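These notes are about the structure you will find just below.
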Amino acid sequence: MAIPEGFACPELAREFYTNIHGTNKEAGTLKIYVWGTFLNFSITDICVTLLIPPLHPDRVGFPYPPSVTPPSKDSLAHLLLASEDNWPSSYLLKQKDLKDVFRVLNHVICNLFQCTSHVSEIDEVRARFMHAIATNLPIDLGHMMFNLILTFSLENTAHDFLLFGLLITSFLEAHQIVPESHDTRLPPDKPISRRTLLLSNAHLGVVAPPPRLRPHTV
1 MAIPEGFACP
11 ELAREFYTNI
21 HGTNKEAGTL
31 KIYVWGTFLN
41 FSITDICVTL
51 LIPPLHPDRV
61 GFPYPPSVTP
71 PSKDSLAHLL
81 LASEDNWPSS
91 YLLKQKDLKD
101 VFRVLNHVIC
111 NLFQCTSHVS
121 EIDEVRARFM
131 HAIATNLPID
141 LGHMMFNLIL
151 TFSLENTAHD
161 FLLFGLLITS
171 FLEAHQIVPE
181 SHDTRLPPDK
191 PISRRTLLLS
201 NAHLGVVAPP
211 PRLRPHTV
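Here it is as structure tokens:
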């Protein structure tokens, strides 16, 4: 996996998520509409943009294919919890109850993939991801990131962060959809939060580029 050079544009990322018009989870594609242009966005686009080698179709990895029965909640809890108890009656595991190594891994996953501030609670999806890493299961990053984007786009609740801003900005730029001179530019390691969307480049301490000169006749 390679991190593209460049920046994340919150305005482009917001347009991307706001204007998803069709999804096909089985085919791994989304249809989006950004600044007057319809585009198809797919697992293949994620892999090409981030230089992720696709998982061979004969290899079983994470996310689990339909033919594979995922680990039960209790088996996940036995691995992750310091007490090695069963999954609690509540829907979520607690960060404070994890083994030390999984506390660290939980933070890494939240920062790099799920872009969430809710580190203290672990749902079944994140628990399965940690289980896959701990058991050396091959990780299909392109498929996993697509599933996260799809789930994020289908939820109607407000979000603290927009996922994968650099990926989305790089994908749109490859299709000639580029930020305007006044749009915000964030370093690759800075998440796009709700606060970010309300602030200008100056407030964020980011230097905006000079305006682009357009050819004209005299």
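Mind the numbering: the sequence shown is residues 1 to 218 in the UniProt record's numbering, read in order.
Idealized CB from N, CA, C, for every residue including glycine.
This structure is a prediction, so every number in the text was calculated from the model and none was measured.
About 6 Å separates the CB atoms of residue 130 and residue 80; that is less than 8 Å, so the two are in contact.
Taking 8 Å as the upper bound for CB-CB distance, residue 120 and residue 94 are in contact here, some 7 Å apart. Under the three-state reduction of DSSP, residue 99 is assigned to coil, being neither helix nor strand.
Under the DSSP assignment, residue 178 falls outside any beta strand (DSSP E); it carries neither an H nor an E label.
Residue 91 sits in coil when the DSSP states are folded into three classes, being neither helix nor strand. Taking the CA atoms as reference points, residue 29 sits about 27 Å from residue 108. For the 8 Å CB-CB criterion, residue 6 and residue 154 do not form a contact.
In this structure, the beta-carbon distance from residue 140 to residue 16 does not fall below 8 Å.
Taking 8 Å as the cut-off, the beta carbon of residue 122 is found no closer than this to the beta carbon of residue 105.
Per the coordinates, the alpha-carbon of residue 137 lies some 32 Å from the alpha-carbon of residue 174. Membership of residue 34 in any alpha helix (DSSP H) is not indicated; the residue belongs instead to the beta strand (DSSP E) covering 29–34.
Here residue 21 carries a strand assignment [DSSP, helix/strand/coil].
Comparing alpha carbon positions, the residue from 66, 150, 49 closest to residue 168 is 49. Proximity to residue 176 across 36, 60, 128 peaks at 36, based on C-alpha coordinates. The C-beta distance from residue 146 to residue 32 rounds to 13 Å, too long to meet the 8 Å contact threshold. Excluding five sequence positions before and after residue 13, the CB atoms of its chain that fall closer than 6 Å to its own CB belong to 162, 165, 168, 192, given in chain order.
Counting along the chain, residue 146 sits inside no beta strand (DSSP E); it lies in the alpha helix (DSSP H) bounded by residues 141–154. DSSP places residue 37 in the uninterrupted beta strand (DSSP E) bounded by 37–42. Nearest C-alpha to residue 72 among 9, 87, 182: 87.
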